[in-house]
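A.B. asks: Pasting a structure below so you can have a look.
Protein chains: 2
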Amino acid sequence: MIETHFLHRFFNPKSVAIIGASQNTSSVNHHLVNNLINIGYKGKIFPVNPNAESIFGIKAYNNVNEIQENIDLVVISIPARSVLEIIQNLPYEKIGGVALITGGFSEIGAEGKQIQDEIAKILKKNGIRAIGPNALSPINSRQNFIISFFNLKKLPVGNVSFIFQSGMYEPRFSWILSDFHLGISKLIDLGNKMDVTEVDALEYLSQDPETKVICMHLEAVKGNGRKFVEILKETTRRKPVIVLKGGRTEAGAQVAMSHTGSLAHGGNIVFDSVLKQTGAIRADTLDDFLYFAKAFSYLPILPRGNRIAIATFPGGEAVLTADLCSQNGLAMARPGQASYERLKRLFPPWEVPLNPFDFGIIYSFNASTNNYHIYIESMLDDENVDCLAVQLPPLTFPIKPDDFYPPFLKAKEKGKPIALWPPHMLKLDGDVIKYLEKNSVPVFPSAAITIKCLAALNNYRLYLADF
Amino acid sequence: MIETHFLHRFFNPKSVAIIGASQNTSSVNHHLVNNLINIGYKGKIFPVNPNAESIFGIKAYNNVNEIQENIDLVVISIPARSVLEIIQNLPYEKIGGVALITGGFSEIGAEGKQIQDEIAKILKKNGIRAIGPNALSPINSRQNFIISFFNLKKLPVGNVSFIFQSGMYEPRFSWILSDFHLGISKLIDLGNKMDVTEVDALEYLSQDPETKVICMHLEAVKGNGRKFVEILKETTRRKPVIVLKGGRTEAGAQVAMSHTGSLAHGGNIVFDSVLKQTGAIRADTLDDFLYFAKAFSYLPILPRGNRIAIATFPGGEAVLTADLCSQNGLAMARPGQASYERLKRLFPPWEVPLNPFDFGIIYSFNASTNNYHIYIESMLDDENVDCLAVQLPPLTFPIKPDDFYPPFLKAKEKGKPIALWPPHMLKLDGDVIKYLEKNSVPVFPSAAITIKCLAALNNYRLYLADF
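Quick mapping for you: the protein sequence lines, in order, are chains L and F. Anchor point for the first sequence: position 389 equals 389 in our numbering, and the numbering is continuous, going up by one each time. To convert, count from 1 in the second sequence and add 467; that's our numbering.
Here you go:
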């Protein structure tokens, strides 16, 4: 019963008060109300600002006590020095929860920590849970609900939910949602974790039927970590959890301390080995974190084995891609006789290997636009192949869309993950890619990233196979 | 005396015959003459095609013997079965060298190998050197000279030269030259290495004053490798050599055999340790290969030490970036008192660390557009800082170009490498980036890539410091 979890009200507020709301565009705070309006949040918005009659056309209140209705979520975004007083005077009987965006508490040292503890004490006494401080969230795309300092025009609904230690996603969030073609479900920042921790967030998202993939960025685990490991283990049985850990080195751990007051310890080896036992997928970099999110979101059906079929345009890339597979635990599939019979008519005047399949050679002898079609269909039908990694042809190359697209779209129905990469590495916003991704065929920037992502799917399959 | 090296004539031909020239746009061969015309090759072009009077307006010849002039380079791009006869009948007294593009020789097995050996014998007897077979090149941007199967409109002159085992660059070449903003000097494919090898190519480019960075993609080293190691060692003393090795695993080595007939062995560990002794910079993936090429091309001045200053927009990214530095051998710089004095006026109402510098916090309290200006200038002046990695602000963020650009452009004059990354990861073709890269400030897609590149510069410095 997800509705009974305390975070449900944070993600699905019917009303929100925004203390510090502004329509002054030189303040990042103006996005708080503006985004809710632009994106179409259906709940009630109560801007709180003693210096305004209204904010973006919505009646403003001098203080939160003037609001006569229940407030599911109170968002606080005012200077740190004024927060304690606000907290002391909240109308607790009317409010559901608090999201404390303001920074300048435990992350700045003892004095900040002391005020933060005081705030936590008052909230606890009043039975009110709180996100933050020093955290910018929550977001729930299905409710058109967003707390962000960045101007967002739309919030595409998806199945990936994020837990962030802090607002690292912020400056790239609009890019993630648009050109990166990643739809999200929910997002929560933890910040200084005065109250709500990764365990609460994981517990909620684990139960959330709208969340199919959980991506978690952490700088430290709060407490002794036993509960965290337990809930993580339990969650990965049902959905993939991708973990990105900041502060893995001494240098990084020091920065984490001044960033969110996190004791990251730099305990890299222990954390890694614990993580492995939980079945969580470790991302080494923010790049991997986002690409893995996309892979698991686009390819919900795991491969049945580790046998991969590869096709590239230049042959040299086939060699490098085979290396990447081997280094990442994927085995080169050996396509069967039926595939040979179907593909041999594409051969140059000599026999060529079926895997990797070198489209460069094929096209220089046989420029038929349905080479891709025949190849993909053969591999999808071949029981010796578990997944496919295929390089797209150069954009300048003549491809007839009707021949090119349909087989890719059959991959899902065949239960075989397929991932693509273009011959260039960036500029993934072309029409071909847009079309493919709209149809759940992910396109990654390079062979290295494509293979890493397919390997992550395979590693998760291996973990689950042990149960 | 670079002019006396036999490859000089290959890269600077005053005349070129193209056997297999065509103006049939359904054949990739039509690009061979078309590109030379479009890009403005100033030498003489002799298309050879018995079925054409002229190719793209240039008189065509029935066979190469009809050409009455000297031919610096004979390019052969006809089916494999016809090559031997052509080779048997070349007018050797008139020709400088041969580039054999055609594939289908040693890479397809014993029969192909036998014909290839026969061709090599005839060429050797006649004292003629040859590139290939199964190789698409050469290219020399300063001569507007290009042999390519892809349609190219321009060839930006740069200082990076490439040696490829095969035409892996081809489908992405136009992207490399345009959106990736990488200018090249020369490019040579080795293919099956019937005659010209990596040693010849390295020897030439090592001496070439127009080449400042050498990028070498290999599947195998021909012969016992001693000469290769010797020339590589000698070259890295004067210019960086980036090496990407295909066939590092058994799986990859098997593919290399059918790709260029290379005996790649998969002898990963031995190759790596030998490479390390030579001072060559190893790229693990094609991605790294191209990013390193860009880093060394844009940042010819190496850092004086390993102390890096970092600035990010979200603080969480600062933590991860500090981790990346530490994992890659870079130390967090400790900016001096002068930097503190200059930067403290940007601080929020509390003290914040100078390194990494968190622009997210800075901007939320002080939205002045010249925060970047002040920060970069301070770090460039600070003797405790050897290099800088700075994240660009979100594109939606108000930045005044006059405040933003100038300090970046001072980095070179200060002798400190600076590399940037945007808050999104792809789409690097924006105007800001175009401007910066035109001014030799490289922008990479992410912190992970940026730090890897700066670390590669630092590792090369460390190698050179031992002499």
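Glycine residues also receive a C-beta, built at the ideal position from the N, C-alpha and C atoms.
(1) Name the residues in the stretch 474-504 of chain F whose C-beta lies less than 9 Å from a C-beta of chain L; which are they?
(2) Where does F:Phe631 sit, in a helix, a strand or coil, going by DSSP?
(3) So, do the stretch 625-638 of chain F and the stretch 871-885 of chain F have three or more beta carbon pairs nearer to each other than 8 Å?
(4) Quick one: which chain F residues come within Cβ less than 8 Å of L:Phe172?
(5) Quick one: list the residues of chain F neighbouring L:Ser185, beta-carbon separation under 7 Å, in chain order.
(6) Report yes or no: is there a C-beta of chain L within less than 8 Å of the C-beta of F:Ala668?
(7) Residues in the same chain with beta-carbon distance under 6 Å from L:Leu152, minus the five sequence neighbours each way, listed in chain order, please.
(8) According to the neighbour-count rule (16 or more other Cβ atoms, all chains shown, within 10 Å of its Cβ), is L:Asp272 buried or exposed?
(9) In angstroms with no decimal places, state the Cα-to-Cα distance between L:His30 and F:Val722.
(10) Could you name the residues of chain L that F:Pro874 contacts, counting a contact when the two beta carbons are closer than 9 Å?
(11) Determine whether the Cβ of F:Thr917 lies closer than 8 Å to any Cβ atom of chain L.
(12) With a cut-off of 8 Å, does the C-beta of L:Leu286 fall near any C-beta of chain F?
(13) Do you know whose CA, among F:Val500, F:Val515 and F:Pro514, lies nearest F:Tyr508's CA?
(14) Please report the distance separating the alpha-carbon of L:Asn192 from that of L:Glu203.
(15) Residues of chain L with a CB under 9 Å from the CB of F:His840: which are they?
(16) Using the beta-carbon of each residue, which ones in chain L are nearer than 7 Å to F:Ile575?
(17) Measure from the C-beta of F:Glu904 to each C-beta in chain L and report whether the shortest distance is under 8 Å.
(18) For a cutoff of 8 Å on Cβ pairs, would you count L:Ala338 as touching chain F?
(19) In three-state terms, what does DSSP make of L:Tyr169?
(20) Taking only beta-carbon atoms, is F:Glu784 less than 8 Å away from chain A?
(21) Let me see if you follow: with CB-CB separation under 8 Å, is F:Ala914 close to chain L or not?
(22) When you compare only the Cα positions, how much space is there between L:Pro353 and F:Ser725?
(23) Determine, for F:Gln632, whether the minimum Cβ-Cβ distance to residues of chain L falls below 8 Å.
(24) Residues in the stretch 706-722 of chain F with C-beta within 9 Å of chain L's C-beta atoms, listed in sequence order?
(25) Taking Cβ positions only, does L:Ser364 come closer than 8 Å to chain F?
(26) Strictly under 8 Å for the Cβ-Cβ distance: is F:Glu686 near chain L by that measure?
(27) I want to verify the contact list: residues of chain L whose CB lies under 7 Å from the CB of F:Cys792, in sequence order.
(28) Let me check understanding here. Comparing Cα to Cα, which of F:Ala747, F:Ile916, F:Phe473 and F:Gln794 lies closest to F:Tyr930?
(29) Closest to F:Ala547 by C-alpha separation, out of F:Tyr842, F:Lys511 and F:Pro600, would be which residue?
(30) In terms of DSSP beta bridges, what is L:Ile146 paired with?
(31) Give the residues from the stretch 572-602 of chain F that approach chain L closer than 7 Å (Cβ to any Cβ), ordered along the chain.
(32) Out of curiosity, what's the CA-to-CA distance linking L:Asp381 and L:Ser27?
(33) Determine contact between the stretch 476-487 of chain F and the stretch 513-522 of chain F, defined as no fewer than three beta-carbon pairs at a distance below 8 Å.
(34) Since L:Ile19 sits in a beta bridge, which residues does DSSP pair it with?
(35) Looking only at its own chain, which residues have a Cβ that is under 7 Å from the Cβ of F:Phe875, when we skip the five neighbours before and after it?
(36) Identify whether F:Ile768 lies in helix, strand or coil by the three-state DSSP scheme.
C.D. replies: Looking at the atomic coordinates:
(1) Within the stretch 474-504 of chain F, the residues whose Cβ lies closer than 9 Å to some Cβ of chain L are Ser493, Ser494 and Val495, listed in chain order.
(2) Reduced to three states, the DSSP call for F:Phe631 is strand.
(3) Too few Cβ pairs lie closer than 8 Å, so no.
(4) The residue you asked about is not Phe; residue 172 of chain L is Arg in the sequence shown. Listed along chain F, the residues sitting closer than 8 Å to L:Arg172 by beta-carbon distance are Pro861, Pro890, His891 and Met892.
(5) Scanning chain F for C-beta atoms nearer than 7 Å to the C-beta of L:Ser185 yields nothing, as the closest lies near 21 Å away.
(6) No, no contact with chain L.
(7) Hits under 6 Å: Asn35 and Ser174.
(8) Around the beta carbon of L:Asp272, fewer than 16 other beta carbons sit within 10 angstroms, so the residue counts as exposed.
(9) Between the alpha carbons of L:His30 and F:Val722 lies a gap of roughly 57 Å.
(10) Under the 9 Å cutoff, chain L gives no residues; its nearest Cβ is about 20 Å from F:Pro874.
(11) It does not; no Cβ of chain L falls within 8 Å.
(12) The beta-carbon of L:Leu286 is placed less than 8 Å from the nearest beta-carbon of chain F.
(13) It is F:Val500 whose Cα lies nearest to the Cα of F:Tyr508.
(14) If I take the Cα positions, the gap works out to 19 Å.
(15) Using a Cβ-Cβ cut-off of 9 Å, F:His840 is close to nothing in chain L; its nearest Cβ partner there is about 19 Å away.
(16) By Cβ distance, chain L contributes Trp350.
(17) With its beta carbon at least 8 Å from every one in chain L, F:Glu904 lies outside the interface.
(18) No, L:Ala338 lies away from the interface with chain F (no Cβ there is under 8 Å from its Cβ).
(19) Of the three classes helix, strand and coil, the one that applies to L:Tyr169 here is coil, per DSSP.
(20) Reference to chain A is not applicable here, since the protein chains of this structure are L and F.
(21) With 8 Å as the cut-off, F:Ala914 counts as an interface residue toward chain L.
(22) Taking the straight line from one Cα to the other gives about 8 Å.
(23) For F:Gln632, the answer is yes, since a Cβ of chain L falls inside 8 Å of its Cβ.
(24) Cβ contacts with chain L: Leu711, Lys712, Gly713, Gly714, Arg715, Thr716, Glu717, Ala718, Gly719, Ala720, Gln721 and Val722.
(25) Yes, its Cβ sits closer than 8 Å to a Cβ of chain F.
(26) Any Cβ of chain L closer than 8 Å to the Cβ of F:Glu686 would place that residue at the interface, and such an atom is present.
(27) By Cβ distance, chain L contributes Ala251.
(28) For F:Tyr930, the nearest C-alpha among the options comes from F:Ala747.
(29) It is F:Pro600 whose Cα lies nearest to the Cα of F:Ala547.
(30) Within the DSSP bridge table, the entry for L:Ile146 names L:Ile139 as partners.
(31) For the stretch 572-602 of chain F, residues whose beta-carbon sits nearer than 7 Å to a beta-carbon of chain L comprise Ile575.
(32) One C-alpha to the other measures close to 57 Å.
(33) Below 8 Å, enough C-beta pairs join the stretch 476-487 of chain F and the stretch 513-522 of chain F to call them touching: three or more.
(34) Beta-bridge partners assigned by DSSP to L:Ile19: L:Val48 and L:Ile76.
(35) Closer than 7 Å at the Cβ level, and outside the excluded window around F:Phe875, lie Ile843, Ile885, Leu903 and Val908.
(36) Coil.
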